[in-house]
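Just below is one structure, and these are the notes that go with it.
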């Protein structure tokens, strides 16, 4: 898909998505930021209609980190993301849907987040979506968010967003 001025790109997720200046990173596109602070996979499922109504040609999804703060089982997180992707694929059949791995956060979450990401990596192609693994760009050797990319172990600095976007860019240009 060529990126043109007619391309509507929806970024969908939680505060990590909400705080990204995606329009500045994609100046030739019309970017709609559907990131909402505190959102869980359940919250996103409840508001997918607004994403679909925008009729984006590209949908970039990042969700799940807040589910772990609520101690939801990894199976439930994975199942909710499967449902999110299924709804998006059904209602936006021609869209380029990009599912990003749940980003690293504090190291104590690494094992559980990785287990969901491993599941997503194998599931995403079954609904004709692309998968982008953010861990090589963002994770440190302990499975936490690299210190230079965060001030609190969860949210990103400008350098963190730049590294994230570099990992994401190939999937948007495909």
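In the numbering used here, the protein residues as written are 2 to 175.
For each residue, glycine too, the CB sits at the ideal point set by N, CA and C.
These numbers come from a predicted model, not from an experiment.
Item, Value
"Alpha-carbon spacing of residue 38 relative to residue 14, whole angstroms", "8 Å"
"Option nearest residue 60 by Cα separation, candidates 122, 8, 148", "8"
"Reduced DSSP category for residue 21 - H, G, I as helix; E, B as strand; rest coil", "coil"
"Residue 79 and residue 121 closer than 9 Å at C-beta", "yes"
"Host alpha helix (DSSP H) of residue 162 (start-end)", "159-174"
"Simplified DSSP assignment, three categories, for residue 145", "strand"
"Own chain partners of residue 23 with C-beta closer than 7 Å, once the 5 adjacent residues on each side are dropped", "12, 32, 34"
"Per-residue DSSP class, three states only, for residue 131", "strand"
"In DSSP terms, what residue 124 is bridged to", "Bridge partners of residue 124: none, in fact."
"Under 9 Å between C-beta atoms of residue 98 and residue 106", "no"
"C-alpha gap between residue 158 and residue 103, whole angstroms", "17 Å"
"Where residue 40 sits in the DSSP three-state scheme", "coil"
"Contact set for residue 134: own chain, Cβ-Cβ below 6 Å, skip 5 residues either direction", "102"
"Residue 98, DSSP secondary structure in three states", "strand"
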